[in-house]
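Engineer: Structure incoming, see below.
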Amino acid sequence: MSAGEKLYDVTVIGAGPVGLFATYYAGLRDLSVKIVDSLPYTGGQVNTLYPKKPVYDVAGCPAIVGEDLVKNLVEQVQQYNPAIVLGERITELHRQGDGSYLLKGDHGSEHRTKTVIITAGIGVFAPRKLEKPEVEAWEGRGFYYGVMDPEEFRGKKVMLIGGGDTALDWILALKGIAKTLVLVHRSARFTAHEDSVRKLMASGIPVLMTTEVEKVSGNSQIERVFTLNKLTQEKKEFDVDAVVCCIGYAANMGPLRNWGLEFGPGHTIKVNAHMETNLPGVYAAGDIAGFDGKLKLIATGFGEAAIAANYAAHLINPSAKVFPGYSTNFVEEKKEKHMQQAQK
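The numbering used here puts the first residue of the sequence shown at 13, with every later residue one more than the last.
This is the structure we're talking about:
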């Protein structure tokens with residue numbers, strides 16, 4: 013049997029933070045693990061969309077930029093030497109006669125596994141575009157959908173569009189880097205975390221509520237933005253070097269829709285309290301997992317990943333406890349067991 017045909021205990025689909033932690037935790041439970049992602053690198057949405065953005069709600073980290081969080085998770089994962097397959101999308105899932113699963117990738121490869129943990133985030137994602145046809149011509153010429161590196165905006169006059177967490181996180185992060193900042197939000201209310209709104213209001217950054225971008229202009233690069241207040245009809249003109257649009261992402265579940273999974277609202281897969289989907293041995297965790305009271309946070313996703321891995325361990329070996337004990341004792345027992353085996 014070739015390496016590609018090895019039967020793994022767990023295959024994790026999606027190598028974002030939650031997928032990486034699920035991989036680590038499965039390794040902690042002495043399970044053989046493979047993790048697969050369609051992107052050519054680990055980190056998922058974090059490394060794709062905001063590698064330099066600080067993350068504030070991970071326990072034990074007062075503030076950590078996205079790429080450093082991913083780096084730490086990869087280091088944690090590598091303790092158990094999982095198989096890591098990048099740049100490959102899983103397109104098919106088929107249950108076999110023995111209860112295991114055969115996964116097929118878009119490059120023709122096959123992966124065999126006893127259980128599956130789906131941590132695919134919001135699926136295939138792309139920035140939600142501003143509904144202004146003329147804006148498309150300015151993409152790459154001063155108009156951006158997101159921030160990859162804050163230093164790119166040093167000393168520039170920047171307008172940021174949006175009112176959610178990403179928009180507020182970035183405009184606060186750019187304070188002290190950009191020459192000038194202004195935030196434009198079409199609604200009268202923010203959808204961002206209350207603490208971010210409080211920091212924005214105290215920052216002195218100009219904020220235009222109930223306002224939309226009406227037109228942009230310039231020569232080879234964006235130079236001017238014209239705005240319109242929808243309530244007062246007041247028009248304003250701003251000299252800018254860059255416009256950053258952060259109004260969310262459009263998601264697509266892609267091939268997952270054809271696997272026989274039961275889906276819930278908002279591009280989620282329905283799971284129970286054990287993170288089990290309607291398919292035996294298939295679990296979901298992170299943003300893609302849907303249940304009553306769900307909060308889409310990296311912090312809660314880590315807990316869901318641990319739940320999924322523990323129940324997968326119990327399914328594979330019913331004599332294994334779902335709760336393995338506290339990690340300090342559990343890891344020390346594992347080390348002692350491995351030392352005894354090495355001495356035989």
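Using N, Cα and C, we set each Cβ at its ideal position, and we do this for glycine too.
What number of angstroms, rounded off, separates the C-alpha of W271 from the C-alpha of I281?
Structural biologist: Computed Cα separation, rounded: 11 Å.
Engineer: Taking Cβ positions, are F33 and L85 nearer each other than 8 Å?
Structural biologist: yes
Engineer: Take the Cβ of G305 as the centre, count every other Cβ of all protein chains shown within 10 Å, and call the residue buried at 16 or more, exposed below.
Structural biologist: Here G305 is exposed, its C-beta having fewer than 16 other C-beta atoms within 10 Å.
Engineer: Residue range of the alpha helix (DSSP H) that L273 falls in?
Structural biologist: For L273, there is no enclosing alpha helix (DSSP H), since its DSSP letter is neither H nor E.
Engineer: For G39, which of E274, F238, W150, Q91 has the nearest alpha-carbon?
Structural biologist: Q91
Engineer: Let me check one thing: in DSSP terms, what residues is F335 bridge-paired to?
Structural biologist: According to DSSP, F335 bridges with nothing at all.
Engineer: Might you give, ordered along the chain, the residues of its own chain that have their beta carbon closer than 7 Å to the beta carbon of G26, omitting 5 neighbours on each side?
Structural biologist: D49, G56, I130, T131, A132, G133
Engineer: How is the alpha helix (DSSP H) around D5 delimited, first residue to last?
Structural biologist: For residue 5 there is no data in the structure shown, the boundaries of the chain being 13 and 356.
Engineer: In the DSSP assignment, what residue or residues form a beta bridge with T23?
Structural biologist: K46, V128
Engineer: Apart from the five residues on each side of it in sequence, which residues of its chain come closer than 8 Å, Cβ to Cβ, to N341?
Structural biologist: none
Engineer: What span of residues does the beta strand (DSSP E) with E163 cover, start to end?
Structural biologist: That residue, E163, is in no beta strand (DSSP E); it is neither H nor E in DSSP.
Engineer: Between L180 and chain E, is the shortest Cβ-Cβ distance under 8 Å, so that the two count as touching?
Structural biologist: No chain E appears in the structure shown, which is made up of a single protein chain.
Engineer: What residues in its chain sit with their C-beta under 6 Å from that of D21, if we drop five residues either side in the sequence?
Structural biologist: L43, S44, K126, I328
Engineer: Which residues mark the beginning and the end of the alpha helix (DSSP H) in which G56 is found?
Structural biologist: 56-61
Engineer: Indicate the three-state DSSP secondary structure (helix, strand or coil) for T340 in the structure shown.
Structural biologist: Annotated three-state conformation of T340 is helix, per DSSP.
Engineer: Tell me which residues share the same chain as A8 and place their Cβ nearer than 6 Å to its Cβ, disregarding the 5 neighbours each side in the sequence.
Structural biologist: In the structure as shown, the chain begins at 13 and stops at 356. Residue 8 is therefore absent and cannot be evaluated.
Engineer: Would the beta-carbon of A138 fall within 8 Å of that of A179?
Structural biologist: no
Engineer: If we ignore side chains and look at the alpha-carbon of each, how far apart do G302 and V58 end up?
Structural biologist: 20 Å
Engineer: To which residues of the same chain is K18 closer than 6 Å at the C-beta, ignoring the five residues directly before and after it?
Structural biologist: none
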